[in-house]
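Just below is one structure, and these are the notes that go with it.
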Amino acid sequence: MKNCFSCFSSSKKDEINAATSAGTNTEGSSSTEAPASSSTPGNSSAQASNTVPNIAAQQFTFRELAIATKLFGEKCLIGEGGFGKVYKGTLKSGQVVAVKQLNLDGEQGSREFVNEVLMLSHLQHQNLVTLVGYCLEDDQKLLVYEYMPSGSVEDHLFDLKRGQQPLDWFTRMRIAFGAAEGLEYLHEKVNPPVIVRDLKASNILLDGNFNPKLSDFGLAKLGPVGSKTHVSTLIAGTYGYCAPDYARTGHLTVKSDVYCFGVVLLELISGRRAFDDVKPSHEKNLVLWAMPMLTDQTKYPELIDPLIKNNYPSKALNQAVAVAAICLQEKASDRPGMSDVALALKLLTVPNIESPSPGTSIVPPLPDDTISAEVASTSGSH
Ligand SMILES: Nc1ncnc2c1ncn2[C@@H]1O[C@H](COP(=O)(O)OP(=O)(O)OP(=O)(O)O)[C@@H](O)[C@H]1O
Ligand SMILES: [Mg+2]
1 MKNCFSCFSS SKKDEINAAT SAGTNTEGSS STEAPASSST PGNSSAQASN TVPNIAAQQF
61 TFRELAIATK LFGEKCLIGE GGFGKVYKGT LKSGQVVAVK QLNLDGEQGS REFVNEVLML
121 SHLQHQNLVT LVGYCLEDDQ KLLVYEYMPS GSVEDHLFDL KRGQQPLDWF TRMRIAFGAA
181 EGLEYLHEKV NPPVIVRDLK ASNILLDGNF NPKLSDFGLA KLGPVGSKTH VSTLIAGTYG
241 YCAPDYARTG HLTVKSDVYC FGVVLLELIS GRRAFDDVKP SHEKNLVLWA MPMLTDQTKY
301 PELIDPLIKN NYPSKALNQA VAVAAICLQE KASDRPGMSD VALALKLLTV PNIESPSPGT
361 SIVPPLPDDT ISAEVASTSG SH
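Following UniProt numbering, the numbering of the sequence shown begins with 1 at its first residue and continues without gaps.
Have a look at this one:
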């Protein structure tokens, strides 16, 4: 986990089996929680129902996963984050998977492991990565996911390898749209809503057709229920992505994720990292750098990733930047819901649509001060 700050302690071991097999909502328990009800799996337009999808997360032995990954061999290593190393593996059944092994010395711990298993065991959508299973044996903690052949969005946006093709405009918009649909499901179809808290380019994985799937629910939280407006938490997330209101108060809402989404959309448009220490000081923080351009439509073309060159429809760029800008509003209540964001982005996923049809734009004209200096100065400052 790069630039990630989390605030958890370790947790109980038996919670996964107890909670996943019973399908219980453990909200209110001291450490872990899982959404209680969900929409029809994979159908983003379905209404929420009171049924808990019975998604069986298989339990694997350490031996099975060691065999699958050729003894966690270097050749199978496909990535590494704050949780630990990620290996490509093949199960006895022939299924190709990604195996994430908890770094025993790492700061992030069993709390995130349990949270990840509980959350993903209760969630199912075409834009969420599938948890195949897990291993909990002695001190070993491993997560087994469906294998995503194209890696993460981060792998395709920044520091491209020699000969690697940059993502074209429409692929970027399709990724943004799919990620928005995944978030829409979590915020608006699942009850209580799930707040991802750590949405970022490296946590959006891509299948062989570059369809995006959200991953990493270790920091996810159930959203407020009833008359509550927010959940109070310790601040956790990743530098450069964190909503200013959440960073200031610790009050978490689905709109905190909407802000993170705005940052990801800006990364897709600009090809710049949310926070890049290598850049000159005024360019390190993406939102801070982009702010003067976000409030002036004539400057939108200056935001575009030079690797896209001129291969984008200019009206679509205007719409995409305006969606990012409204997601980055300082006041959480001024940010749109993810269903509106998804609707606006859907129009940008296909060529020949130069302007949205009347009534579909979520983007009001932006006054100059809508994205305040505070937004930019708080994100990336933790
Ligand atoms: N299911 C998967 N299929 C294919 N590759 C994956 C999968 N999960 C993770 N990876 C690869 O492993 C890398 C590391 O993932 P990981 O989630 O551990 O760390 P990260 O997202 O880079 O950082 P963080 O720990 O902050 O989430 C990813 O960038 C991706 O390339
Ligand atoms: Mg990740």
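Think of the CB as a built atom: it goes at the ideal place given N, C-alpha and C, for glycine as much as any other residue.
Assignment of alpha helix (DSSP H) within the stretch 243 to 269, counting only whole runs of 4 or more residues, yields 244 to 249 in chain order. By the Cβ-count criterion, V321 is buried, with 16 or more other Cβ atoms from all chains shown falling within 10 Å of its own Cβ. Residue pairing by DSSP places I304 opposite no residue, since no beta bridge is assigned to it. Apart from sequence neighbours up to five positions away, the residues of its chain that approach R174 with a beta-carbon distance below 6 Å are T349, ordered along the chain. For D216, the shortest C-beta to heavy atom distance toward ligand 2 is below 7 Å. Taking C-beta separations shorter than 8 Å and ignoring five residues to either side along the sequence, the partners of K221 in its chain run E33, V194, I195, R197, V231, T233 and L252, following chain order. Less than 8 Å divides the Cβ of A290 from the Cβ of S270. DSSP places C327 inside the alpha helix (DSSP H), whose first and last residues are S314 to C327.
Look at E154 here: in three-state DSSP terms it is helix. Non-local beta-carbon contacts of K85 in its own chain, meaning distances under 8 Å to residues more than five positions away in sequence, involve F72, L77, G79, K100, Q101 and N103 in chain order. A buried status is given to K284, since no fewer than 16 other beta-carbon atoms sit within 10 Å of its beta-carbon. Counting along the chain, no beta strand (DSSP E) covers G182; the unbroken alpha helix (DSSP H) around it starts and ends at W169 to E184. Taking 8 Å as the upper bound for CB-CB distance, L268 and A176 are in contact here, some 6 Å apart.
In the three-state reduction of the DSSP assignment, I67 falls in the helix class, which pools H, G and I. In this chain, the beta strand (DSSP E) harbouring V86 covers G84 to T90. The three-state secondary structure of V117, taken from DSSP, is helix. Shortest Cα-Cα distance from L288 to any of D305, P306, T298 and V263 involves V263. R248 and E330 have their C-alpha atoms roughly 11 Å apart.
By the Cβ rule, the stretch 110 to 122 does not count as touching the stretch 148 to 159, because fewer than three pairs are nearer than 8 Å.
Of the other Cβ atoms in all chains shown, 16 or more fall within 10 Å of the Cβ of P336; this residue is therefore buried. When DSSP reads this structure, V190 sits in no beta bridge, so it has no partner. Between the beta-carbon of A325 and that of L294 there is about 4 Å, and that keeps the pair under the 8 Å contact cut. Judged by DSSP in its simplified three-state form, E146 adopts strand.
Rounded to the nearest angstrom, the gap between the Cα atoms of Q164 and S93 is 33 Å.
Non-local C-beta neighbours of G133 in its own chain, meaning closer than 7 Å and more than five positions away in sequence, comprise A57, Q58, Q59, F60 and V144, ordered along the chain. CA-CA distance, C327 to I67, rounds to 45 Å.
Taking L219 as reference, the option from Q319, D138 and F83 with the minimal CA-CA separation is F83. With a beta-carbon spacing of about 7 Å, L199 and Y241 fall inside the 8 Å limit used to define contacts. When DSSP reads this structure, P212 sits in a beta bridge with L206.
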